[in-house]
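Just so we're aligned: 131 in numbering that gives the first Met the number 0 is position 132 of the sequence shown, and the numbers increase by one with no gaps anywhere. Built from N, CA and C at the ideal position, the CB exists for glycine as well. Scroll down for the structure; my scribbles are underneath it.
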Amino acid sequence: MAQAPARTRRTAADRRKQLIGIGLSMLTVRPIHQVTIDEVAAEAGISRSLLFHYFPTKQDYYVEVVRAASRRILRYAAPDDSPRAIVDGYVAFIERRRTQYVGLFRAAGLDDWVREIHDETQDALTVRIMSALNLTDPPEPVALAVRAWWAFAEELAIEWTGKNRTDKDALVELLLGALDNVIALAQRIA
């Protein structure tokens, strides 16, 4: 008779990583608030109470899953990349995960903590694109304009990919052209 495989204990860090990964995979089919703790625990092969050992509350768990999703976005737009590569990476992320992105960051009735993580992500993207453009310590109108441009870039990427347009390069060109114009106009009033 074959023996059952020996169970190994995971370290706390490994278990947290596993649980966050399960949450991320569930985000591919439903919004964060439809991810249940019972389903996550069952998928991990642990009890619900053990999940709460790693994340004190359901919201703590959700926050970590959303932060992990945010880190994925930022990996697509690497800080040392050129402006084109940053924008291309961001558009590629939206194109690949549009439904999940919209469900996570654009759904009606978002909790304040989701908005905060979204804002932190947009702020990090703003710093990355300004760094790639050598805009170190820009005047406030320029920094604000670039931050607002990211909101435009997000909206356009979501709409563009939702219309099943296939020319991603055209979208990237449009976004980069708009960025150049926004910066030029902001520099005039700075």
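Glu172 and Ala144 have their C-alpha atoms roughly 18 Å apart. In the three-state reduction of the DSSP assignment, Thr165 falls in the coil class, being assigned neither a helical nor a strand state.
Comparing alpha-carbon positions, the option among Ile128, Glu38 and Ala43 lying closest to Arg9 turns out to be Ala43. Pairing Val65 with Ile31 gives a Cβ-Cβ distance under 8 Å. Taking 8 Å as the cut-off, the Cβ atoms of Tyr53 and Leu18 count as close.
Arg9 carries a coil assignment under DSSP once its states are collapsed to helix, strand and coil. Straight-line measurement puts the Cα of Arg47 at about 8 Å from the Cα of Ala41. By the criterion of a C-beta distance shorter than 7 Å, Thr120 is surrounded in its chain by Ser69, Ile72 and Leu73, once the five residues flanking it on both sides are discounted.
A direct Cα-to-Cα measurement between Asp118 and Phe104 gives close to 10 Å.
The shortest CA-to-CA distance from Asp111 to any of Gln58, Leu155, Val141 and Leu50 is the one to Gln58. A straight-line Cα-Cα distance of about 30 Å links Ala185 and Gly161. Per DSSP, the continuous alpha helix (DSSP H) segment holding His52 begins and ends at Arg47 to Tyr53.
When Pro82, Ile182 and Tyr89 are compared, the shortest CA-CA separation from Pro138 is found for Ile182. The C-beta separation of Pro82 from Ile128 comes to about 6 Å, placing the pair in contact by the 8 Å criterion. Ala91 has its alpha-carbon roughly 20 Å from the corresponding atom of Ile116.
Boundaries of the alpha helix (DSSP H) around Leu124: Asp111 to Ala131.
Straight-line spacing of the CA atoms in Leu49 and Pro55 works out to 10 Å. Sixteen is the threshold: since fewer than 16 other Cβ atoms of the shown chains lie within 10 Å of the Cβ of Ile188, the residue is exposed. Apart from sequence neighbours up to five positions away, the residues of its chain that approach Ala106 with a beta-carbon distance below 8 Å are Pro30, ordered along the chain.
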